[in-house]
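The structure appears below as structure tokens.
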Amino acid sequence: MSIDVQYQSTRFSITDNSSLVIDIQDLTLTVDNNTLLANANFQLPTNSHFALIGRNGLGKSIFMKILVDVFLLDSSLRVFHLQQIEDVLDLENISVTDYVIKGHEFAQNVIWEKMMLESSHKNLKQVLLKRHERKLRIARNKVTKISGARGKQERENLIQLERDYNDLFESDMTEEDLIIKTHELLQDIELEYQLLEPNNFLTKAKKILRGLGFPKSRLEDPYSSFSGGWKKRAALAQALFVEPDVLFLDEPTNGLDIKAIEWLENYLNSLVNVTILVVSHDREFLNSVAQGVILLRNKSFTSYDGNYDTFEETVLNKAKYMERMHDGIERKRIHMQKSIEKGMKQAKSKGDDKKLAAVASRKKKLEERLGFERNEKGHRFKLNRDRPGFHNSLRDDVELEEQDGSFEWCLPAPTQLKHAAPLVSLENVSFSYESNALLSKISLTIGMGTKVVLTGANGQGKSTLVDLIYGALKPKTGSISYHSDLKIGYVRQNQSSLQGMKMCPLELIHTKAPTWNEHQCRSHLASFTLKHPIVLHEISTLSGGQLTRLMLAVETISHPNLLLLDEPTNHL
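Here the sequence shown stands for residues 1 to 572, numbered as in UniProt numbering.
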């Protein structure tokens, strides 16, 4: 993925006299020659909780990642980024509770430095080198992501850091200097250590994990023993445990049940000294946690006060106001145009040059003066106050913004069945993982045209039951029978089957349906609002919402009679 970032000025800090923790001006972001942002301005108030919203594929997740990896990489702020699609490592010899605690990198560094310096002042050089290595790692990472004049400046900074590191490595300090500097550094580290309150880490980590639905009996289980969905929750627990200065959350409610979402809402609302930017398509969640909304649309950002419902009301009221103003101006324009045309006709018939000049002057005034009659505050428009500078007309035109239209997904009609019979029948089905009895004596019949919803708390076996119906798992006891002509499509909540694919959606559909021509492949993808040029983009570059729609497209190629959907609204 090729990413180009250009910007004019930035600020990333928390100061007593600053109300903004992030301030970026004239930002242009291009990914694989696709411009996602053009001369956009982005501001995030200190200690605010804002929602970043916009349709799938506009670049919300990429922008959030750029904020962390480029702009905030070497700032003094402590930042944590929970990504929509996590690169989760399997850690064999660590419990899920320890995984959460070790995610607090700053705390781990403080604890290690305190231990090293308290054991011997001769460890001072090793501590200082470790600190410098962290700076070098950040600088090297940043150099790979920034080009142009700023990139040159970052490369020069890296070269200087490498020189400083080498000087420190080769330097020698006297025994007295070592003792004095160790004592000074320990005083600062001790203060940071006391503020962290590490004695409460275990209790705090377990409280967060329990709030997110982890059973008490599994808090000491190996992290590697959990499924991908539970590992995503553990990553969310890390983010909440750290309590950084700035917290970025990308689709944090995916995979959470209602109880866990409510707990998360309450926890985020309690973080009054943390700046939060959250991407989510969960309206109720955003209404609960968002104090403001930032809309990504037309390659730029617009900020609104209030939660999601307030944002919708504000946008609707503005659209109605603009429409009324536009209609009023158009009526005035038509009336004046008719008057001008009548005057022009009369002046030409009489050969009156003075009247022709007067009509021409009226026409020029019509072109210049029609437009906004009120400023943003609702006061009467004044040229010297409300429109300073040079412009082609005296007032701005009233332009109606094109609203995001609704869309429909067109699921292919199911294949006709030769005879009427239940699609799937489960009789006294039981299933267990080793000694853990998950499902017991389940009996269920699914008929043609039936819509079945599975509800229940996390960990009760909903996904396992769907896997049994699909045939991916076999019951320990009981039986499952299928209609002889049944075709099943299965959209799993895990997108790992598509992540990292180098081919484009068009190629994938053609691979799954080799008899289809390009027009048929494109039409099928368009049924799920995947159109040009998205269908030609590498699948690994698609957003979570686009991947979900692509999975739906793939699983409906066969015109299934039964469509199984496991958390289908994740990322949408």
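Backbone N, C-alpha and C fix where the C-beta goes; we use that ideal spot for every residue, glycine too.
Computed from a predicted structure; not experimentally measured.
Practice prompt. Under the assumption that N561 contacts L411 (Cβ atoms under 8 angstroms), give the Cβ distance between them as a whole number of angstroms.
Written response: That belief does not hold up - the Cβ atoms of N561 and L411 are roughly 12 angstroms apart, past 8 angstroms.
Practice prompt. May I ask you to report which of helix, strand or coil DSSP gives P475?
Written response: In the structure shown, the three-state DSSP call for P475 is coil.
Worksheet item: Which partner residues does E427 have in the DSSP bridge list?
Response: The bridge partners DSSP lists for E427 are S479.
Item to complete: Alpha carbon to alpha carbon, how far is N570 from L249? Give it in angstroms, no decimals.
Response: When only Cα atoms are considered, L249 and N570 end up about 14 angstroms apart.
Practice prompt. Please check the pair F80 and A239, which I expect to be a contact at CB under 8 angstroms, by giving their CB distance rounded to whole angstroms.
Written response: Going by Cβ atoms, the distance from F80 to A239 rounds to 5 angstroms, so yes, they are a contact pair.
Discussion item. At the level of alpha carbons, what is the spacing between residue 574 and V452?
Written reply: Past the boundaries of the shown model lies residue 574; the chain is included only from 1 to 572, so the question cannot be answered.
Fill in: Beta-carbon contacts of E192 that lie in its chain and below 6 angstroms, excluding the five residues immediately before and after
Within the same chain, and ignoring the five residues on either side of E192 in sequence, the residues whose Cβ sits closer than 6 angstroms to its Cβ are V110.
Worksheet entry | For N39, the residue or residues it bridges with in DSSP | DSSP output for N39 lists no bridge partner at all.
Discussion item. Could you check whether the segment 24-43 touches the segment 285-301, counting it as contact only if at least three pairs of C-beta atoms, one from each stretch, sit closer than 8 angstroms?
Written reply: These segments touch.
Discussion item. Rounded to the nearest angstrom, what separates D98 and I189 at their Cα positions?
Written reply: Rounded to whole angstroms, D98 and I189 show a C-alpha spacing of 22 angstroms.
Practice prompt. For P253, name the three-state secondary structure that DSSP assigns.
Written response: Inspection of the sequence shows that residue 253 is occupied by Thr rather than by Pro. Assignment of T253 by DSSP, reduced to helix, strand and coil, places it in the coil class.
Item to complete: Compute the Euclidean distance between the alpha carbons of I469 and I480, then round it to the nearest angstrom.
Response: Cα to Cα, the separation comes out at about 8 angstroms.
Fill in: Environment of E113 [buried if 16+ CB atoms lie within 10 Å]
Residue burial annotation: E113 is buried, with at least 16 other C-beta atoms found within 10 angstroms of its C-beta.
Fill in: Alpha-carbon to alpha-carbon, S217 and V246
Distance between the alpha carbons of V246 and S217: 32 angstroms.
Worksheet item: Within 10 angstroms of its Cβ, does N266 collect 16 or more other Cβ (buried), or is it exposed?
Response: The residue is exposed, with fewer than 16 neighbouring Cβ atoms inside 10 Å.
Worksheet item: In the DSSP assignment, what are the bridge partners of A51?
Response: When DSSP reads this structure, A51 sits in a beta bridge with V278 and V293.
Worksheet item: H532 by DSSP, collapsed to three states: which one?
Response: H532 sits in coil when the DSSP states are folded into three classes, being neither helix nor strand.
Practice prompt. Rounded to whole angstroms, what's the CA-CA distance from D164 to L124? Just pull it up for me.
Written response: Taking the straight line from one Cα to the other gives about 16 angstroms.
Discussion item. Assuming L564 and G489 are in contact, meaning their beta carbons sit under 8 angstroms apart, how far apart are those beta carbons, in whole angstroms?
Written reply: Taking a contact as a CB-CB distance under 8 angstroms, the pair L564 and G489 counts as one, their CB atoms being some 7 angstroms apart.
Fill in: Nearest-angstrom Cα separation, counted from Q43 out to residue 576
Absent from the structure is residue 576, since the part of the chain shown begins at 1 and ends at 572.
Discussion item. For R331 and V359, what's the separation of their Cα atoms in angstroms?
Written reply: Just so you know, the alpha carbons of R331 and V359 end up roughly 19 angstroms apart.
Discussion item. Here's a check: name, in chain order, each residue in its chain whose Cβ is nearer than 7 angstroms to the Cβ of V272, leaving out the five neighbours to either side.
Written reply: Around V272: N47.
Item to complete: For T182, I'd like the list of residues in its chain whose CB is within less than 7 angstroms of its CB, leaving aside the five on either flank, ordered along the chain.
Response: The answer, listed in chain order, is L117, H121 and L124.
Fill in: alpha helix (DSSP H) segment containing G544, residue limits
G544 to E555 is the extent of the alpha helix (DSSP H) around G544.
Practice prompt. Give the range of the beta strand (DSSP E) segment to which A437 is assigned.
Written response: Going by DSSP, A437 is part of the beta strand (DSSP E) stretching over N436 to I446.
Discussion item. Suppose the cutoff is 8 angstroms on Cβ atoms and the five residues either side in sequence are ignored; what does the same chain contact list for H532 look like?
Written reply: R522, listed in sequence order.
Practice prompt. Return the chain-ordered list of same chain residues with a C-beta closer than 7 angstroms to the C-beta of Q6, the five sequence neighbours on each side being excluded.
Written response: So the list reads T28, once near-sequence residues are dropped.
Discussion item. In whole angstroms, give me the CA-to-CA distance for P568 and Y433.
Written reply: Approximately 25 angstroms between the Cα atoms of the pair.
Worksheet entry | Coil, strand or helix - R395 by DSSP | Its pLDDT being 48, under 50, R395 is placed unreliably in this model, and the value from its coordinates should be taken loosely. Three-state result, R395: coil.
Discussion item. Tell me the residue span of the beta strand (DSSP E) that contains F301.
Written reply: Start and end: S300 to D305.
Practice prompt. Specify the secondary structure class of G461 as computed by DSSP and reduced to three states.
Written response: Looking at G461 - three-state DSSP - the assignment turns out to be coil, as it is neither helix nor strand.
Discussion item. Once the 5 residues before and after F431 are set aside, which same chain residues still bring their CB inside 7 angstroms of it?
Written reply: Hits under 7 angstroms: L438, L439, T464, L468, L473, P475 and K476.
Worksheet item: Assuming L508 and I539 make a contact with CB atoms under 8 angstroms, what is their CB distance in whole Å?
Response: Sure, about 7 angstroms apart at Cβ, within 8 angstroms.
Practice prompt. Report the rounded CA-to-CA distance for H519 versus T548, giving the unit in angstroms.
Written response: Distance from the CA atom of H519 to the CA atom of T548, rounded to whole angstroms, is 22 angstroms.
Worksheet entry | CB of F214 within 9 angstroms of CB of V96, strictly | Yes, the pair counts as a contact, with Cβ atoms nearer than the cut-off.
Worksheet item: Any idea which residues DSSP pairs N34 with across the strands?
Response: Partner(s): V31.
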